[in-house]
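Note that the protein sequences, when read in sequence, are chains Y and G.
Numbering of the first sequence is given in the working numbering, commencing with residue 1 and proceeding in unit increments.
Numbering of the second sequence is given in the working numbering, commencing with residue 1001 and proceeding in unit increments.
Cβ coordinates follow ideal geometry from the N, Cα and C atoms, glycine included.
Below you'll find the structure, written out as structure tokens, and then a few comments.
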Amino acid sequence: MADVLRVENLAKSYAGKAALSGVTLSVASNEYVSLLGPSASGKTVLLRLIAGFEKPDHGSIHFQGTDVVNTPAHERGIGFVFQNFALFPHLTVYDNIAFGLTNRVINPMTDAHHVRDRVMAMIELVGLSGLEGRGVHQISGGQRQRVALARTLVTEPRLVLLDEPLGALDANLRMRMRGELRRIREQLGVTFLHVTGSESEALAMGDRIVVLDNGKIGQFDKPDHVFNRPISPNVARYLNCYNMFEGRLDGSVFVAGPDRFDFSNRMNSGGRPAYAIRQDLITINQSSAYANGETGLKAKYLASEYTGAAFMYFFEAADGHIIEVENHLSHRSAQTLEPGKHYQLAWKISDALVYG
Amino acid sequence: MNSAETASVQSAEIRTKTPFLLIAPGALWMLLFLVTPIAMMVYVSFWTQTTFKIEPILTTKSWEAFFSSDTYLAALWTTLRLWLIVLVSTLIVGYPTALFVGLFVKNKTLSTALLVLCVIPFWTSFLIRVLAWRPMLGKEGAINIILQALHITSEPIEALLFTELSVIIGMTQIYCVFMVGPIAFMLGRIDPNVIEAARDLGASFWRIFRTIIFPLSMPGVIVGAIFVSVMVLGEFATAAALSGRKVNMLGNIIVTQVGSLKWAFAAVVGVILTIVMGAVVAAFLRIVDLKREL
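Rendered as structure tokens:
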């Protein structure tokens, strides 16, 4: 597969503070890449640089084989879908979608019939039929999202950048639009680069996931690899499903304050040593003995939260930091725990990840 | 009736009376100082005017005098002409300024500071601002001195002062800020992402200006145009001070007639001016639905 986008050593800083430094990544054609990062990790900056709204301090951006760093945004042909949709407030749904076709500098369409065919086909594809004459304030949030998407897709860009496109929608709609986005992308065969702050959205949407960590690429891999084997403590943290311990390595034992954990999977990440265990791989026991191949710690039970298909239990370790345990109700039944009482948390040594 | 019921009845009474109490001072003020004077003006315009006194005997003589006099019809035409020219010139000078302040200056504090700068001339009185143009535009004024010093002209340009041109220059400077303010306000409200979206879809700056920025600033243009129109149509001081009384607008006619105690005739001109202003404002409001846009 040819690379649609190749970004090399990209850097950008604002008022001396680096927003991005040394970002290098390649995105293949007909691929859905999600870009996960906490707020201020530089994910929006990266999109704005690729779109051409801002200039990088250094580095190169190759789009379909040519360096576009000095090409103005309106000549790049890279689509951009804004979080707040940024629809043209004075135009109808139809005119919003037709805007790019008739107003672009490169190869504008002048034949009203051709424009109409293209726009109506796109309206059909995104499911807005019958609404083309409405003003953009007369339609719902989900419909506005579709207009924003259609307005970009109708110009047939090879690459579409989506800046938290589902962030302005309510939860129910967000779930539906996830499926819609994937369907529309597959039908058109374009490449999507989708920025999100939600790990579940990133995992669900992307063929591959980029995790941004303080203006650098933390990890770029398939969702299951990122989820099961985050390559650094920060990536594990951003996934929001790992309990992290800081401490030091002592032979084959990880020492975190008063607790000592055995481990078998060590990853050389170079930074400060850290120990990670996924929230749903921990069992809560009344007894104090570990089964063979298990390790763990004693922790004080604080509270629980019912999330429908699962229970989240919150514990406090001896050093005061909070440990979360996720109990999927399809595997295990809900446990009745007494707040303030100490329980033994146990997990398989082979499930834990150790960095350092 | 117990005390709780009494209280609730009282609060209900207060609630129904409150809107009237709130509107009363304003309504009374408008009735006394706007509605009544306008009604009186219309009424007086039909009174009988003799050289030294005016009597409430209804006649259309003053109206006939206005429409049969070339001087007065010329004043009406001058008023309309100056209004249109000043409207266009304030727009030409004001729109780019507003575009810069409202859209190109990204820093909100700086753009507010620039708007305040536009208002600084208002710290001095209106008449001084008008009269200050005399030493600028006069035969031996600043502009002629500079032009001659730079050898651009050999003779002083006399057409600069005491002509219609000087009135237009003066009015444009005085009223421009009323155009800049509302336009800059509307431009400042445009979501920057909307302009970026248009760029991303491939449109050039001029295309974006024509299809997105200008239409979205239209309410500001209309509000500015209404401000400028109402003030220019009622002008007399600038015309008198900068034209050497050669340019007569309807406002100047009213001043002269009131000065010679011709109340009925002044009232006729006043009614005509009011009708013109009403028509102009109504026409502008038809172009843009301000209630929807603001």
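Environment of residue i [buried if 16+ CB atoms lie within 10 Å]
i                      : result
residue 74 (chain Y)   : buried
residue 1289 (chain G) : exposed
residue 1275 (chain G) : exposed
residue 278 (chain Y)  : buried
residue 1001 (chain G) : No answer about residue 1001 (chain G) holds up, because its pLDDT of 48 lies below 50 and its placement is not dependable.
residue 1221 (chain G) : buried
residue 1011 (chain G) : exposed
residue 357 (chain Y)  : What the structure shows of chain Y is the stretch from 1 to 356, and residue 357 (chain Y) is not part of that stretch, so it cannot be assessed.
residue 1113 (chain G) : exposed
residue 1088 (chain G) : exposed
residue 269 (chain Y)  : buried
residue 1146 (chain G) : exposed
residue 36 (chain Y)   : buried
residue 1108 (chain G) : exposed
residue 43 (chain Y)   : buried
residue 1166 (chain G) : buried
residue 339 (chain Y)  : exposed
residue 78 (chain Y)   : buried
residue 31 (chain Y)   : buried
residue 1216 (chain G) : buried
residue 1263 (chain G) : buried
residue 1062 (chain G) : buried
residue 1257 (chain G) : buried
C-beta atoms of residue i and residue j nearer than 9 Å
i                      : j                      : result
residue 259 (chain Y)  : residue 317 (chain Y)  : yes
residue 1170 (chain G) : residue 1238 (chain G) : yes
residue 1247 (chain G) : residue 1078 (chain G) : yes
residue 311 (chain Y)  : residue 326 (chain Y)  : yes
residue 245 (chain Y)  : residue 276 (chain Y)  : yes
residue 374 (chain Y)  : residue 282 (chain Y)  : Absent from the model: residue 374 (chain Y). The displayed extent of chain Y is 1 to 356, so no value can be given.
residue 265 (chain Y)  : residue 211 (chain Y)  : no
residue 173 (chain Y)  : residue 166 (chain Y)  : yes
residue 1048 (chain G) : residue 1056 (chain G) : yes
residue 1135 (chain G) : residue 1129 (chain G) : no
residue 1218 (chain G) : residue 1075 (chain G) : no
residue 184 (chain Y)  : residue 125 (chain Y)  : yes
residue 5 (chain Y)    : residue 26 (chain Y)   : yes
residue 170 (chain Y)  : residue 127 (chain Y)  : no
residue 1242 (chain G) : residue 1133 (chain G) : yes
residue 1020 (chain G) : residue 1261 (chain G) : no
residue 1232 (chain G) : residue 1086 (chain G) : yes
residue 86 (chain Y)   : residue 1279 (chain G) : no
Supposed close pair residue i, residue j - CB separation, criterion 8 Å
i                      : j                      : result
residue 223 (chain Y)  : residue 197 (chain Y)  : No, residue 223 (chain Y) and residue 197 (chain Y) are not in contact; Cβ-Cβ is about 16 Å, not under 8 Å.
residue 356 (chain Y)  : residue 273 (chain Y)  : 3 Å
residue 289 (chain Y)  : residue 343 (chain Y)  : Their Cβ separation, rounded to whole angstroms, is 13 Å, which puts residue 289 (chain Y) and residue 343 (chain Y) out of contact at 8 Å.
residue 145 (chain Y)  : residue 122 (chain Y)  : 14 Å between Cβ atoms; not a contact.
residue 1277 (chain G) : residue 1230 (chain G) : 6 Å
residue 163 (chain Y)  : residue 82 (chain Y)   : 6 Å
residue 22 (chain Y)   : residue 216 (chain Y)  : 6 Å
residue 349 (chain Y)  : residue 254 (chain Y)  : No, residue 349 (chain Y) and residue 254 (chain Y) are not in contact; Cβ-Cβ is about 10 Å, not under 8 Å.
residue 1212 (chain G) : residue 53 (chain Y)   : No, residue 1212 (chain G) and residue 53 (chain Y) are not in contact; Cβ-Cβ is about 16 Å, not under 8 Å.
residue 982 (chain G)  : residue 1162 (chain G) : For chain G, the structure presents residues 1001 to 1294; residue 982 (chain G) sits outside this window and is missing.
residue 1195 (chain G) : residue 1208 (chain G) : 6 Å
residue 998 (chain G)  : residue 1273 (chain G) : Nothing can be reported for residue 998 (chain G): it is not among the residues displayed for chain G, which extend from 1001 to 1294.
residue 1176 (chain G) : residue 1090 (chain G) : 5 Å
residue 324 (chain Y)  : residue 243 (chain Y)  : 6 Å
residue 309 (chain Y)  : residue 329 (chain Y)  : 6 Å
Cβ-heavy atom distance, residue i to the ligand SAH, below 8 Å
i                     : result
residue 293 (chain Y) : By its list of ligands, the structure shown contains no ligand whatsoever, and the ligand SAH lies outside what it can speak to.
Residues of the region 1182-1207 of chain G in Cβ contact with chain Y at a cutoff of 8 Å, in chain order, please. 1191, 1193, 1194, 1196, 1197, 1198, 1199, 1200, 1201, 1202, 1203, 1204, 1207
How about the region 1203-1214 of chain G and the region 102-109 of chain Y: do they share at least three Cβ pairs that are nearer than 8 Å? yes
Determine which residues of the region 1206-1222 of chain G have a Cβ less than 7 Å from any Cβ of chain Y, and write them out in chain order. 1207, 1211, 1212, 1215, 1216
Residues of the region 104-116 of chain Y with Cβ closer than 7 Å to any Cβ of chain G, in chain order: 104, 105, 106
Mind listing which residues of the region 78-104 of chain Y have their C-beta closer than 8 Å to chain G's C-betas, in chain order? 78, 79, 80, 82, 84, 86, 87, 88, 89, 90, 99, 100, 103, 104
Hey, is the region 1041-1059 of chain G in contact with the region 1263-1272 of chain G, meaning 3+ C-beta pairs nearer than 8 Å? yes
Does the region 1150-1160 of chain G come close enough to the region 1061-1072 of chain G that 3 or more CB-CB pairs lie under 8 Å? no
Should the region 1173-1193 of chain G be called in touch with the region 1098-1107 of chain G, which here means at least 3 C-beta pairs below 8 Å? yes
Three or more beta-carbon pairs under 8 Å between the region 303-320 of chain Y and the region 226-233 of chain Y, yes or no? no
Determine contact between the region 106-117 of chain Y and the region 178-194 of chain Y, defined as no fewer than three beta-carbon pairs at a distance below 8 Å. no
Touch check for the region 86-99 of chain Y and the region 147-164 of chain Y: three-plus C-beta pairs under 8 Å? yes
Tell me whether the region 48-58 of chain Y and the region 5-22 of chain Y touch, counting them as touching only if at least three CB pairs, one residue from each stretch, are closer than 8 Å. yes
Does the pairing of the region 38-56 of chain Y with the region 1158-1173 of chain G give three or more beta-carbon distances under 8 Å? no
Any C-beta of chain G within less than 7 Å: which residues of the region 52-75 of chain Y qualify? 53, 73, 74
Going along the region 118-152 of chain Y in order, which residues come within less than 9 Å of chain G, judged by CB to CB distance? 148, 151, 152
Any residues in the region 153-176 of chain Y with a beta carbon nearer than 7 Å to a beta carbon of chain G? Which ones, in chain order? 155
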